[in-house]
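In my numbering, the protein residues as written are 20 to 100.
What follows is one structure encoded as structure tokens, with my remarks underneath.
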């Protein structure tokens, strides 16, 4: 998906209830969080539970979501028409 994205950074979010994990990737690869290699033998979920470290109900952590949304809006506005 990042190859088709015209923005320099593709932002994503994963949610479990009110807890969020933010992802950032460029055409060169994942910026954050750290990449977890897939198991060649098993379908497993090896992501640590603390990866979802933003609670949308906390004011400071809601601000991070709003900041990322603003970054995406600004970058989209700078795209050629």
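Every residue gets a Cβ at the ideal spot worked out from N, C-alpha and C, and that includes glycine.
Quick caveat, the model's predicted, so the values are computed rather than measured.
If I follow the unbroken alpha helix (DSSP H) through residue i, where does it start and stop?
i          : result
residue 96 : 78-96
Between which two residues does the beta strand (DSSP E) holding residue i run?
i          : result
residue 70 : Element bounds for residue 70: n/a, residue is neither H nor E.
residue 34 : 29-35
residue 43 : 38-45
residue 49 : 48-51
Leaving aside the five residues before and after residue i along the sequence, list all residues of the same chain whose C-beta is less than 8 Å from its C-beta, in chain order.
i          : result
residue 71 : 33, 34, 35, 38, 39 and 40
residue 21 : 29, 44, 45 and 46
residue 95 : 26
Take residue i and list the residues in its own chain whose beta-carbon comes closer than 7 Å to its own, dropping the five residues that flank it on each side.
i          : result
residue 43 : 28, 30, 50 and 51
residue 76 : 37
residue 65 : 55
Can you have a look at residue i and say buried or exposed, based on whether 16 or more other CB atoms are within 10 angstroms of its CB?
i          : result
residue 73 : buried
Using a Cβ-Cβ cutoff of less than 6 Å, which residues in the same chain neighbour residue i once the five nearest sequence positions on both sides are dropped?
i          : result
residue 84 : none
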